[in-house]
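In this note's numbering, the protein residues as written are 255 to 718.
The beta carbon of each residue, even a glycine, is placed where N, CA and C say it ideally should be.
All figures in this text were calculated on a predicted structure; none of them were measured in a lab.
To start, the structure itself, in structure tokens.
The structure is reproduced here in structure tokens:
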């Protein structure tokens with residue numbers, strides 16, 4: 255995929271070119287120079303050799319990145335990171351994919367930028383927006399059972415596990431997922447896993463208005479397959495459940511898991527039963543950069559389709575310096591569609607969690623991006639760029655009701671009630687706010703926030 259300039263106009267046009275997928279050569283990393291292809295394809299080998307700390311990162315990357323880079327990672331982990339370090343070799347292999355890693359190649363790399371944050375990436379003046387919160391979408395407020403968020407009238411989110419095979423720096427569930435970091439203590443489920451899943455199933459059996467279950471976490475790849483299959487089979491016994499979506503970043507971050515014989519055979523059993531009962535099974539994954547779509551990812555996606563799932567879809571996040579241009583976004587969409595048979599589905603504006611300002615882009619940039627990709631992709635594979643508005647849910651970026659560009663506040667309405675709105679007659683009348691990142695505001699807007707948020711800004715200043 256390339257961009258071309260239209261003669262005489264200065265307008266940059268995107269020109270499609272089919273690109274062959276390439277698995278980067280992991281042997282360029284000193285630690286894995288002798289690793290065989292058989293070992294690399296083994297999910298247990300990948301899990302056993304995850305990078306979990308700075309020492310292991312140094313061993314994996316070698317001396318090429320230089321001491322300053324490692325100090326940058328260490329400072330971020332010690333002071334700012336909301337997610338701990340956990341990177342499978344497969345994820346690291348998609349960073350600096352065409353050369354041994356150096357400081358320059360890693361600092362510029364889009365996968366590194368969101369999977370391996372460094373302190374110098376963070377916004378030095380406004381690392382967090384003044385209204386940032388740990389559970390920015392208030393999912394736990396809408397729990398109807400522990401780990402079961404009933405946010406939309408016909409859909410629920412089931413958080414079946416609180417860990418992942420890899421941790422993304424921008425995780426919207428940073429309040430729950432993974433171990434604590436120095437900057438971020440974590441919520442812990444109170445119930446035993448078996449009791450939590452039992453209560454989720456009980457609620458769904460008692461609530462016939464729910465037809466759609468997103469099975470997520472954390473990452474479903476971290477729930478042992480027999481337990482995940484048993485849970486899916488229980489969902490298929492509930493007559494009102496018509497859609498089941500299995501969420502897993504691991505299809506991109508640890509495709510070896512979804513290529514395992516046990517998982518492929520189990521998914522085929524689940525998909526066959528679902529088809530016989532008229533239930534749609536889909537897999538949702540999460541890629542943010544075209545270079546993440548490798549031959550192993552393609553094989554994993556096609557393995558799920560061959561097993562009988564209806565669709566494999568991508569739900570990405572719009573991230574500054576990762577995919578916030580027409581070229582980067584279209585390159586990713588075509589890599590997903592052509593290379594993996596993965597449908598580009600949603601790209602979300604990054605949620606307003608702590609220490610995320612450097613990743614976030616303003617609503618007006620997302621609107622331009624949505625316009626810029628129209629007409630290039632098939633309609634069914636043209637992703638919707640959406641804003642996940644606290645208490646109001648997903649909204650297409652052009653659905654905004656009002657927008658104050660100076661203060662960076664967009665105002666949204668909704669047409670459904672959540673479980674929090676039962677006794678609120680004004681829920682459908684009020685407007686709900688989303689906030690642009692501070693770096694995108696004019697000086698007058700930043701000055702307003704500085705002088706009108708008082709305690710919030712003072713708290714932010716003390717936390718730096």
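Check whether the Cβ atoms of residue i and residue j sit closer than 8 Å, and answer yes or no.
i	j	result
residue 387	residue 609	no
residue 413	residue 472	yes
residue 417	residue 411	no
residue 639	residue 601	yes
residue 400	residue 445	yes
residue 542	residue 566	no
residue 277	residue 550	yes
residue 666	residue 653	yes
residue 561	residue 522	yes
residue 458	residue 492	yes
residue 415	residue 486	no
residue 349	residue 339	no
residue 295	residue 510	yes
residue 300	residue 342	yes
residue 535	residue 596	no
residue 592	residue 544	no
residue 488	residue 455	yes
residue 432	residue 479	no
residue 423	residue 368	yes
residue 594	residue 344	no
Start and end of the beta strand (DSSP E) containing residue i?
i	result
residue 615	Run containing residue 615: none; DSSP gives neither H nor E here.
residue 691	First-last for residue 691: undefined, no H or E at that position.
residue 359	First-last for residue 359: 357 to 362, but that is the alpha helix (DSSP H), not the beta strand (DSSP E).
residue 538	534 to 539
residue 267	266 to 269
residue 327	Looking at the DSSP string, residue 327 is not in any beta strand (DSSP E); the run it does join, the alpha helix (DSSP H), is 321 to 333.
residue 470	466 to 470
residue 501	497 to 501
residue 597	597 to 603
Between which two residues does the alpha helix (DSSP H) containing residue i stretch?
i	result
residue 560	549 to 561
residue 510	509 to 513
residue 454	447 to 459
residue 397	Note, residue 397: premise wrong, no alpha helix (DSSP H); beta strand (DSSP E) at 397 to 399.
residue 433	No alpha helix (DSSP H) holds residue 433; DSSP gives it neither H nor E.
residue 345	343 to 347
residue 570	From DSSP, residue 570 is part of no alpha helix (DSSP H) but of the beta strand (DSSP E) over 565 to 572.
residue 582	580 to 588
residue 485	479 to 490
residue 697	697 to 706
Please report the Cβ distance between residue i and residue j, rounded to the nearest whole angstrom; I am assuming they are in contact, meaning their Cβ atoms lie under 8 Å.
i	j	result
residue 373	residue 319	Not a contact, Cβ separation roughly 15 Å.
residue 504	residue 419	5 Å
residue 689	residue 662	6 Å
residue 747	residue 336	Because the chain here runs from 255 to 718, residue 747 falls outside it and cannot be looked at.
residue 283	residue 328	About 20 Å; that fails the 8 Å criterion.
residue 672	residue 465	17 Å between Cβ atoms; not a contact.
residue 615	residue 649	That pair is no contact at about 16 Å.
residue 660	residue 699	5 Å
residue 442	residue 490	Not a contact, Cβ separation roughly 30 Å.
residue 651	residue 624	6 Å
residue 233	residue 308	An answer regarding residue 233 cannot be provided, because it is not within the stretch 255 to 718 covered by the chain.
residue 578	residue 546	The Cβ separation is near 16 Å, so there is no contact.
Within 10 angstroms of the Cβ of residue i, are there 16 or more other Cβ atoms? Answer buried if so, exposed if not.
i	result
residue 269	exposed
residue 628	exposed
residue 709	Note that residue 709 scores a pLDDT of 45, beneath 50, so its modelled location is shaky; the value from the coordinates is reported in the next line. Looking at its Cβ environment, which holds fewer than 16 other Cβ atoms inside 10 Å, residue 709 is exposed.
residue 703	buried
residue 326	buried
residue 436	exposed
residue 470	buried
residue 611	buried
residue 548	buried
residue 429	buried
residue 563	buried
residue 632	exposed
residue 462	exposed
residue 288	exposed
residue 539	buried
residue 371	buried
residue 705	exposed
residue 260	Residue placement at residue 260 cannot be trusted, given a pLDDT of 44 that sits under 50; the coordinates are not used to answer.
residue 701	exposed
residue 669	exposed
residue 568	buried
residue 474	buried
So is residue i in contact with chain D if we call contact Cβ pairs under 8 Å?
i	result
residue 380	Checking the listed chains, one finds no chain D in this structure; it contains a single protein chain.
Pick out the complete beta strand (DSSP E) segments inside the segment 608 to 678, 3 residues or longer, and give them in chain order. With a minimum length of 3 residues, the continuous beta strand (DSSP E) runs that stay inside the segment 608 to 678 are 638 to 643, 647 to 650, 656 to 658, 663 to 666.
Length-filtered (4 minimum) alpha helix (DSSP H) runs lying within the segment 361 to 389: Qualifying alpha helix (DSSP H) stretches, in chain order: 364 to 369.
Which ranges does the alpha helix (DSSP H) cover as unbroken runs of at least 4 residues, wholly within the segment 292 to 320, from first to last along the chain? The alpha helix (DSSP H) runs of length 4 or more contained entirely in the segment 292 to 320 are, from start to end of the chain, 297 to 302, 308 to 315.
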